[in-house]
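Trainee: Below: one structure in structure tokens.
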Amino acid sequence: MDQIKKLLGILWLLLGPVIIYFLVTGAIHNIDPGGKKDINNPVIWIIIITIFLPIAIGLMIFGWYALKGEYSRKISDQ
Amino acid sequence: MKQVSEAGVLRKVIGASSLGTMIEWYDFYIFGMLAKTISTEFFPEGNSTAALLSTLAIFAAGFIVRPFGALFFGRLGDLLGRKSTFLLTLILMGGSTFLIGLVPGYHTIGIAAPLIVLLLRLLQGLALGGEYGGAATYVAEHAPPGKRGYYTSWIQTTATLGLFLALGVIMLVKMNMSDQQFNTEWGGWRYPFWFSIVLVVVSVYIRLKMEESPLFARLKSEGKVAKNPLKESFRKKANFKMVLLALFGAVMGQGVIWYTGQFYAQSFLETKALLNFEQSRTIMLWAILFATPFFIVFGWLSDKVGRKWIMLAGMLLGVIFYRPIFNEFLKTTDIKSWIADGVPAAQEKAKIETKKYNDQLIVIQKNKLHINGITVTESRYDTLAPGVKESTLYPPLSALDGDAGITAALARARPVYSDVTLPASLYYKFIFLVWTMIIFVTMVYGPVAAFLVEMFPVHIRYTSMSLPYHIGNGVFGGLVPFIGVLLQTTFTEDPLVGLWYPIGIAALSFLIGMVYLSNKRSAALE
Chain A
32 MDQIKKLLGI
42 LWLLLGPVII
52 YFLVTGAIHN
62 IDPGGKKDIN
72 NPVIWIIIIT
82 IFLPIAIGLM
92 IFGWYALKGE
102 YSRKISDQ
Chain B
2 MKQVSEAGVL
12 RKVIGASSLG
22 TMIEWYDFYI
32 FGMLAKTIST
42 EFFPEGNSTA
52 ALLSTLAIFA
62 AGFIVRPFGA
72 LFFGRLGDLL
82 GRKSTFLLTL
92 ILMGGSTFLI
102 GLVPGYHTIG
112 IAAPLIVLLL
122 RLLQGLALGG
132 EYGGAATYVA
142 EHAPPGKRGY
152 YTSWIQTTAT
162 LGLFLALGVI
172 MLVKMNMSDQ
182 QFNTEWGGWR
192 YPFWFSIVLV
202 VVSVYIRLKM
212 EESPLFARLK
222 SEGKVAKNPL
232 KESFRKKANF
242 KMVLLALFGA
252 VMGQGVIWYT
262 GQFYAQSFLE
272 TKALLNFEQS
282 RTIMLWAILF
292 ATPFFIVFGW
302 LSDKVGRKWI
312 MLAGMLLGVI
322 FYRPIFNEFL
332 KTTDIKSWIA
342 DGVPAAQEKA
352 KIETKKYNDQ
362 LIVIQKNKLH
372 INGITVTESR
382 YDTLAPGVKE
392 STLYPPLSAL
402 DGDAGITAAL
412 ARARPVYSDV
422 TLPASLYYKF
432 IFLVWTMIIF
442 VTMVYGPVAA
452 FLVEMFPVHI
462 RYTSMSLPYH
472 IGNGVFGGLV
482 PFIGVLLQTT
492 FTEDPLVGLW
502 YPIGIAALSF
512 LIGMVYLSNK
522 RSAALE
């Protein structure tokens, strides 16, 4: 199980940049000053990217810790 | 005798904490539920500054200010104590809510109105961010080992009961006056805001009589209170890794399940299933009422079998059943397809009325249809004499176009369906389906307070548990409608495509939780 925890760490580590990429491209595609929907509103995208950027970085740190074995049984039980 | 008094103290602790937290949720929800009226009163269309302030009031309060409130008040709670901090958040929340009800509209004081409302809404978000962690910690630190899940589950009922209370109060006010009386500048929509002050005064009075949490009081007397809770929570690896695990392995999934079952469901019933106001609200009310005891059941059960698998089972059930359940809502009310397929529909005598909109005269034909046991309003719109100035609007309709012309134009107009009324059997079926989704909510949400409390040591508990909770609920949960619209715009074919966001997040959280979480069962609190 500890080995799976470490290997999955790589996935979480990669998922962070993927989320950031999709958010930024989502914003570029959907921001439209003439649009009426929430997804056309630049302010909302700025708020969402601002709040999700640290969360995505947190996911990468989580992946890094997992890869380093910080969540393996012996360490997390300490 | 001692045992009796201890049980009495615990009951008071739970009662005082839960009442206050429920009021905070009530305060937070009524703004969202009355958003349409509030936007007309404070954020009128056509004013770009007001539109910007409206966006900030809706999005910043939930996404930025709530987590910030968790940090701000969490730190205070770990420095000064739980009791004084969650008393402060209650006063801040109640005061802001009451004051929103007193702000004159945009037409009276101009741009000052949306500015004041935005400020008060941000204070609400800040207070909510600080309240929950305090209440959950306070109750958990009073609870004996082996009963922490059960006792904190009472706090977990408050978010749903707050929603129930908000729905109930708004419905009660709305049903006792006309729409016009409700929506005017000083109309009925303000009553739920004013009502809040009564609730808050009662709750503050009760909370003032409570003692500090015994664990924090001991920590204080031993001089072991954290000097810098923020630094200790997020700069120490041993603790920070648990904050991350709590967020990604539990509350992230819990947030989307919670939001989908209670809010997305209601919005879906209104906007996609097109149910009328009363039925969509009462379906939610009944479902919430019957499901709420299960918060306690699953909190209690988590003391017996551990928290992990109950929470993860709730997420998994959401992942599996969301699409079939929402699809059932759509299928049961799929009027357009039935009409297109030629399903026979009985029609009541059509009503024709006219309305002025800007400088145009709109004629509306409303038919009441009975189809597959459902009653629905079919409206057809046509614009008469487009571009006609108001001064020329007064000749009778027949003089403008003639009755035959109007009838022909309306027959060609595309029908719009609304106000779906379900027969009793389908109404009960919908209650059952919503109830099922709220049961998933009770599974993930019932044990989560005890789970979070047990992850962190007493000196930084308030700070450490509040942040992941509010990111999970406020950010991941709060984004369900936004990402739903985003997906719907990108993939227009599938009417249920918006559900892939909560399903995906819940599945991710399930996987992380399954692999990394341990199945704690009422470990002793440090």
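Protein chains in written order, with the working numbering: chain A, 32 to 109; chain B, 2 to 527.
Ideal placement from N, C-alpha and C gives every residue a C-beta, glycine not left out.
Fair warning: this is a prediction, and the values are worked out from it, not measured in the lab.
Which same chain residues, not among the five before or five after K3 of chain B, have their C-beta less than 7 Å away from its C-beta?
Mentor: With a pLDDT of 46 at K3 of chain B, under the threshold of 50, the modelled position of this residue cannot be trusted, and the question is left open.
Trainee: Indicate whether T464 of chain B and P230 of chain B have their beta-carbon atoms separated by less than 8 Å.
Mentor: Yes; because the gap between Cβ atoms is below 8 Å, this pair is in contact.
Trainee: Find out if the Cβ-Cβ distance for the pair P424 of chain B, I375 of chain B is shorter than 8 Å.
Mentor: It is a contact, given that the beta carbons lie within the stated cut-off.
Trainee: Between B:Q157, B:I198 and B:I289, which lies nearest to F296 of chain B when the distance is taken from Cα to Cα?
Mentor: Of the candidates B:Q157, B:I198 and B:I289, the one whose C-alpha sits nearest the C-alpha of F296 of chain B is B:Q157.
Trainee: Could you work out which residue in B:L246, B:F43 and B:V449 is closest to I258 of chain B when comparing CA atoms only?
Mentor: Nearest of B:L246, B:F43 and B:V449 to I258 of chain B, Cα basis: B:V449.
Trainee: With a 10 Å radius around its C-beta and 16 neighbouring C-beta atoms as the bar for buried, classify T56 of chain A as buried or exposed.
Mentor: With fewer than 16 Cβ atoms within 10 Å of its Cβ, T56 of chain A is classed as exposed.
Trainee: Comparing the C-beta of V74 of chain A with each C-beta of chain B, is any distance below 8 Å?
Mentor: Yes, V74 of chain A counts as interfacial toward chain B.
Trainee: Would you kindly work out how many angstroms separate the C-alpha atoms of L93 of chain B and Y382 of chain B, rounded to a whole number?
Mentor: Cα-Cα distance, rounded: 47 Å.
Trainee: Run through DSSP, which three-state label would I513 of chain B get?
Mentor: It is helical.
Trainee: Could you tell me whether the Cβ atoms of V66 of chain B and L127 of chain B are closer together than 8 Å?
Mentor: Contact: yes.
Trainee: Nearest to P469 of chain B by CA position, among B:G256, B:S154, B:D180 and B:Q366, is which residue?
Mentor: Residue B:G256 is the option with its Cα nearest to P469 of chain B.
Trainee: Within the continuous beta strand (DSSP E) that includes Y418 of chain B, where are the two ends?
Mentor: Unbroken beta strand (DSSP E) run through Y418 of chain B: V417 to T422.
Trainee: With DSSP collapsed to three states, give me the class of S392 of chain B.
Mentor: Residue placement at S392 of chain B is poorly supported in this model, since its pLDDT is 41, which falls under 50; the coordinates still yield a value, given next. Of the three classes helix, strand and coil, the one that applies to S392 of chain B here is helix, per DSSP.
Trainee: Taking contact to mean at least 3 C-beta pairs separated by less than 8 Å, is the stretch 180-197 of chain B in contact with the stretch 94-105 of chain B?
Mentor: Short answer: they touch.
Trainee: Taking R83 of chain B and E213 of chain B to be in contact with their CB atoms under 8 Å, please state how far apart those CB atoms are, rounded to whole angstroms.
Mentor: R83 of chain B to E213 of chain B, Cβ: 7 Å. Contact.
Trainee: Counting only beta-carbon separations shorter than 8 Å, does Y102 of chain A have a partner in chain B?
Mentor: At least one chain B Cβ lies under 8 Å of Y102 of chain A.
Trainee: Given a cut-off of 8 Å, decide if I70 of chain A and V486 of chain B are closer than it, judged by their beta-carbon atoms.
Mentor: Yes.
Trainee: State yes or no: is the beta carbon of F249 of chain B nearer than 8 Å to at least one beta carbon in chain A?
Mentor: So yes, F249 of chain B belongs to the interface.
Trainee: Could you tell me the distance, in whole angstroms, from the CA atom of H371 of chain B to the CA atom of V344 of chain B?
Mentor: Going by the C-alpha atoms only, they are around 11 Å apart.
Trainee: How should V203 of chain B be labelled, buried or exposed, when 16 other C-beta atoms within 10 angstroms of its C-beta is the threshold for buried?
Mentor: Exposed, since its Cβ has fewer than 16 Cβ neighbours within 10 Å.
Trainee: Report the option in B:I311, B:R282, B:L168 and B:T22 whose CA atom is closest to the CA atom of A160 of chain B.
Mentor: For A160 of chain B, the nearest C-alpha among the options comes from B:T22.
Trainee: Leaving out five residues before and five after A351 of chain B in sequence, what residues of the same chain have Cβ atoms less than 8 Å from its Cβ?
Mentor: Taken in chain order, the residues that qualify are Q366, K367 and N368.
Trainee: P397 of chain B CB to nearest chain A CB: under 8 Å?
Mentor: Any answer about P397 of chain B is weak, because its pLDDT of 42 lies below 50 and its placement is not dependable; what the coordinates show is given next. Cβ-Cβ to chain A under 8 Å: no for P397 of chain B.
Trainee: In whole angstroms, what is the alpha-carbon distance linking K305 of chain B and F235 of chain B?
Mentor: Going by the C-alpha atoms only, they are around 32 Å apart.
Trainee: Report all residues from its chain with a CB closer than 6 Å to the CB of Y265 of chain B; omit the five preceding and five following residues, and keep chain order.
Mentor: For Y265 of chain B, where only same-chain residues beyond five positions count, the Cβ hits under 6 Å are V481.
Trainee: Taking only the alpha-carbon atoms, compute the straight-line gap between L551 of chain B and S467 of chain B and give it to the nearest angstrom.
Mentor: This structure cannot speak to residue 551 of chain B, because chain B is shown only from 2 to 527.
Trainee: Identify the continuous alpha helix (DSSP H) that holds T98 of chain B and give its terminal residues.
Mentor: R83 to I101 is the span of the alpha helix (DSSP H), which, as asked, contains T98 of chain B.
Trainee: CB I284 of chain B to CB F165 of chain B, shorter than 8 Å?
Mentor: Cβ atoms of I284 of chain B and F165 of chain B: not closer than 8 Å.
Trainee: Report the residue from B:V476, B:G315, B:T490 and B:L518 whose alpha carbon sits nearest the alpha carbon of I440 of chain B.
Mentor: The candidate whose alpha carbon is nearest that of I440 of chain B is B:G315.
Trainee: Is there a Cβ of chain B sitting closer than 8 Å to that of I35 of chain A, yes or no?
Mentor: Chain B, which has a Cβ nearer than 8 Å to the Cβ of I35 of chain A, makes this yes.
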